[in-house]
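Please read the structure below before turning to the comments.
Residue numbers (my numbering): 10 to 230.
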(Lines of atoms letter the chains of each structure in order from A and count residues from 1; the text may use other names and numbers.)
(Lines give C-alpha, C1' and ligand atoms only; values in the text may rest on other atoms or scores of the structure.)
Protein backbone atom coordinates (compact mmCIF):
# COMPACT_ATOMS: atom_id res chain seq x y z
CA UNK A 1 0.00 0.00 0.00
CA UNK A 2 1.43 3.34 -1.08
CA UNK A 3 2.15 5.75 1.77
CA UNK A 4 0.35 9.07 1.49
CA UNK A 5 1.86 12.43 2.35
CA UNK A 6 0.31 15.83 2.92
CA UNK A 7 1.00 18.24 0.04
CA UNK A 8 1.64 21.98 0.22
CA UNK A 9 -0.43 22.65 -2.92
CA UNK A 10 -3.43 20.80 -1.50
CA UNK A 11 -3.12 22.49 1.91
CA UNK A 12 -3.01 25.92 0.30
CA UNK A 13 -6.08 25.21 -1.82
CA UNK A 14 -7.93 24.00 1.27
CA UNK A 15 -6.98 27.16 3.15
CA UNK A 16 -8.57 29.23 0.38
CA UNK A 17 -11.80 27.25 0.79
CA UNK A 18 -11.78 27.62 4.58
CA UNK A 19 -10.94 31.32 4.38
CA UNK A 20 -13.70 31.97 1.87
CA UNK A 21 -16.31 30.24 4.03
CA UNK A 22 -15.06 31.12 7.53
CA UNK A 23 -13.72 34.60 6.86
CA UNK A 24 -11.74 36.27 9.62
CA UNK A 25 -12.48 33.45 12.05
CA UNK A 26 -9.20 31.90 10.87
CA UNK A 27 -5.68 33.06 10.03
CA UNK A 28 -2.64 31.07 8.98
CA UNK A 29 0.47 30.98 11.15
CA UNK A 30 3.81 31.20 9.36
CA UNK A 31 2.91 30.34 5.78
CA UNK A 32 -0.26 28.93 4.18
CA UNK A 33 1.85 27.01 1.66
CA UNK A 34 3.06 24.00 3.63
CA UNK A 35 2.34 20.31 4.08
CA UNK A 36 1.70 20.90 7.78
CA UNK A 37 -0.70 23.83 7.90
CA UNK A 38 -0.89 25.80 11.15
CA UNK A 39 -3.37 28.52 11.95
CA UNK A 40 -5.46 30.25 14.58
CA UNK A 41 -9.21 30.09 15.06
CA UNK A 42 -11.12 32.97 16.68
CA UNK A 43 -14.60 32.52 18.10
CA UNK A 44 -17.14 35.34 18.18
CA UNK A 45 -17.24 34.95 21.95
CA UNK A 46 -13.49 35.55 22.29
CA UNK A 47 -13.72 38.43 19.84
CA UNK A 48 -16.17 40.26 22.08
CA UNK A 49 -14.46 39.34 25.36
CA UNK A 50 -10.81 40.05 24.50
CA UNK A 51 -8.83 43.25 24.04
CA UNK A 52 -7.37 43.89 20.59
CA UNK A 53 -3.83 43.45 21.91
CA UNK A 54 -4.53 39.93 23.17
CA UNK A 55 -7.08 38.75 20.62
CA UNK A 56 -4.59 37.00 18.35
CA UNK A 57 -2.88 35.34 21.29
CA UNK A 58 -6.23 33.94 22.38
CA UNK A 59 -6.95 32.27 19.08
CA UNK A 60 -7.04 28.48 19.29
CA UNK A 61 -4.33 26.73 17.29
CA UNK A 62 -5.45 24.37 14.57
CA UNK A 63 -3.41 22.12 12.30
CA UNK A 64 -4.21 20.09 9.26
CA UNK A 65 -2.63 17.80 6.72
CA UNK A 66 -4.25 17.22 3.36
CA UNK A 67 -3.58 14.95 0.42
CA UNK A 68 -6.27 15.36 -2.23
CA UNK A 69 -7.98 12.03 -2.93
CA UNK A 70 -5.96 10.56 -0.05
CA UNK A 71 -6.77 11.92 3.39
CA UNK A 72 -7.55 15.03 5.41
CA UNK A 73 -6.69 15.35 9.08
CA UNK A 74 -7.52 18.44 11.15
CA UNK A 75 -7.14 19.11 14.87
CA UNK A 76 -8.02 21.98 17.19
CA UNK A 77 -6.01 22.50 20.37
CA UNK A 78 -5.08 25.20 22.86
CA UNK A 79 -2.14 27.06 24.37
CA UNK A 80 -3.84 27.54 27.71
CA UNK A 81 -4.45 24.87 30.31
CA UNK A 82 -7.86 26.38 31.09
CA UNK A 83 -9.17 26.03 27.53
CA UNK A 84 -12.13 23.71 27.86
CA UNK A 85 -13.08 20.72 25.76
CA UNK A 86 -16.33 22.53 24.98
CA UNK A 87 -14.51 25.49 23.45
CA UNK A 88 -12.27 23.29 21.32
CA UNK A 89 -15.24 21.16 20.30
CA UNK A 90 -17.15 24.28 19.20
CA UNK A 91 -14.20 25.31 17.03
CA UNK A 92 -13.91 21.81 15.57
CA UNK A 93 -17.62 21.98 14.80
CA UNK A 94 -17.07 25.08 12.66
CA UNK A 95 -14.47 23.27 10.57
CA UNK A 96 -16.63 20.15 10.34
CA UNK A 97 -19.57 22.12 8.95
CA UNK A 98 -17.43 23.51 6.14
CA UNK A 99 -15.41 20.38 5.42
CA UNK A 100 -18.35 17.97 5.45
CA UNK A 101 -19.93 20.01 2.67
CA UNK A 102 -16.78 19.52 0.63
CA UNK A 103 -15.83 15.95 1.55
CA UNK A 104 -18.81 14.30 3.20
CA UNK A 105 -18.69 12.67 6.64
CA UNK A 106 -15.32 12.06 8.34
CA UNK A 107 -13.92 8.65 9.21
CA UNK A 108 -12.70 8.97 12.81
CA UNK A 109 -12.43 11.31 15.78
CA UNK A 110 -9.46 10.87 18.07
CA UNK A 111 -7.22 12.34 20.74
CA UNK A 112 -3.67 11.30 21.63
CA UNK A 113 -1.94 10.82 24.95
CA UNK A 114 0.68 13.26 26.28
CA UNK A 115 -0.42 15.95 23.83
CA UNK A 116 0.58 19.41 25.11
CA UNK A 117 -2.05 21.13 22.96
CA UNK A 118 -4.83 18.70 23.84
CA UNK A 119 -5.87 18.40 20.20
CA UNK A 120 -9.33 17.19 19.23
CA UNK A 121 -8.92 15.73 15.75
CA UNK A 122 -11.05 14.32 12.97
CA UNK A 123 -9.86 12.55 9.84
CA UNK A 124 -11.28 11.78 6.44
CA UNK A 125 -9.80 8.73 4.72
CA UNK A 126 -10.74 8.95 1.06
CA UNK A 127 -8.94 5.72 0.16
CA UNK A 128 -7.80 2.79 2.29
CA UNK A 129 -10.63 3.66 4.70
CA UNK A 130 -11.03 0.22 6.25
CA UNK A 131 -7.27 -0.23 6.58
CA UNK A 132 -6.97 3.14 8.31
CA UNK A 133 -9.81 2.32 10.71
CA UNK A 134 -8.15 -0.98 11.62
CA UNK A 135 -4.83 0.78 12.28
CA UNK A 136 -6.56 3.32 14.51
CA UNK A 137 -8.19 0.51 16.46
CA UNK A 138 -4.91 -1.37 16.82
CA UNK A 139 -3.06 1.80 17.80
CA UNK A 140 -0.62 1.50 14.92
CA UNK A 141 -1.74 4.39 12.72
CA UNK A 142 0.87 6.78 14.18
CA UNK A 143 4.43 5.74 14.94
CA UNK A 144 5.07 8.80 17.15
CA UNK A 145 1.77 9.14 19.03
CA UNK A 146 -0.50 6.93 21.13
CA UNK A 147 -4.24 7.07 20.59
CA UNK A 148 -6.22 7.98 23.71
CA UNK A 149 -9.90 8.40 22.77
CA UNK A 150 -11.20 6.99 19.49
CA UNK A 151 -14.62 7.25 17.88
CA UNK A 152 -15.35 5.57 14.55
CA UNK A 153 -18.04 7.38 12.60
CA UNK A 154 -20.93 5.50 11.03
CA UNK A 155 -19.76 2.15 12.33
CA UNK A 156 -22.59 -0.35 11.82
CA UNK A 157 -22.16 -2.07 15.18
CA UNK A 158 -21.82 1.12 17.19
CA UNK A 159 -24.57 1.54 19.75
CA UNK A 160 -25.44 4.46 22.00
CA UNK A 161 -28.40 6.15 23.62
CA UNK A 162 -29.65 7.32 20.22
CA UNK A 163 -29.25 3.98 18.44
CA UNK A 164 -32.95 3.55 17.73
CA UNK A 165 -33.23 6.79 15.78
CA UNK A 166 -33.56 6.63 12.00
CA UNK A 167 -30.69 7.72 9.76
CA UNK A 168 -32.74 10.71 8.63
CA UNK A 169 -33.29 11.84 12.22
CA UNK A 170 -29.62 11.37 13.03
CA UNK A 171 -28.56 13.47 10.05
CA UNK A 172 -31.05 16.18 11.01
CA UNK A 173 -29.80 16.33 14.62
CA UNK A 174 -26.19 16.32 13.47
CA UNK A 175 -26.81 19.22 11.11
CA UNK A 176 -28.60 21.23 13.81
CA UNK A 177 -25.82 20.77 16.37
CA UNK A 178 -22.94 20.95 13.91
CA UNK A 179 -21.04 17.75 14.76
CA UNK A 180 -21.14 14.15 13.53
CA UNK A 181 -23.90 12.26 15.30
CA UNK A 182 -21.47 10.05 17.21
CA UNK A 183 -19.99 13.13 18.93
CA UNK A 184 -23.29 14.18 20.52
CA UNK A 185 -22.46 12.52 23.87
CA UNK A 186 -19.22 14.53 24.00
CA UNK A 187 -21.14 17.71 23.21
CA UNK A 188 -23.65 16.88 25.94
CA UNK A 189 -20.84 16.48 28.49
CA UNK A 190 -19.54 19.95 27.59
CA UNK A 191 -22.75 21.68 26.56
CA UNK A 192 -22.32 24.98 28.42
CA UNK A 193 -18.98 25.88 26.86
CA UNK A 194 -19.93 24.36 23.52
CA UNK A 195 -22.96 26.63 23.21
CA UNK A 196 -21.12 29.68 24.55
CA UNK A 197 -18.30 29.46 22.04
CA UNK A 198 -20.43 28.17 19.19
CA UNK A 199 -23.14 30.82 19.41
CA UNK A 200 -21.52 33.58 21.47
CA UNK A 201 -24.34 33.30 24.01
CA UNK A 202 -24.14 32.09 27.58
CA UNK A 203 -26.16 29.02 28.41
CA UNK A 204 -27.98 29.65 31.68
CA UNK A 205 -30.87 28.29 33.67
CA UNK A 206 -33.49 30.62 35.07
CA UNK A 207 -34.69 30.11 38.63
CA UNK A 208 -38.19 29.51 37.26
CA UNK A 209 -36.82 26.54 35.35
CA UNK A 210 -35.65 24.78 38.50
CA UNK A 211 -38.07 22.48 40.27
CA UNK A 212 -37.01 20.99 43.61
CA UNK A 213 -33.45 21.96 42.80
CA UNK A 214 -33.48 20.12 39.45
CA UNK A 215 -33.01 22.05 36.17
CA UNK A 216 -35.86 21.29 33.80
CA UNK A 217 -34.71 23.13 30.67
CA UNK A 218 -31.73 25.07 29.35
CA UNK A 219 -31.97 28.29 27.39
CA UNK A 220 -29.55 30.44 25.45
CA UNK A 221 -29.94 34.00 26.69
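For each residue, glycine too, the CB sits at the ideal point set by N, CA and C. Only a predicted model underlies this, so the values are computations on that prediction, with no experimental measurement involved.
If you check the CB distance, residue 97 and residue 129 come in under 8 Å.
For a cut-off of 8 Å, the C-beta gap from residue 134 to residue 188 is around 19 Å, too long to register as a contact. Here the alpha carbon of residue 41 sits roughly 17 Å from the alpha carbon of residue 85. Taking 8 Å as the cut-off, the beta carbon of residue 99 is found no closer than this to the beta carbon of residue 190.
In the three-state DSSP reduction, residue 143 falls in the helix class (H, G or I). Between residue 151 and residue 131, the gap from beta carbon to beta carbon reaches 8 Å or more. Boundaries of the alpha helix (DSSP H) around residue 107: 94-112. Between residue 108 and the set 88, 124, 81, the nearest pair of CA atoms involves 81. In the three-state reduction of the DSSP assignment, residue 151 falls in the coil class.
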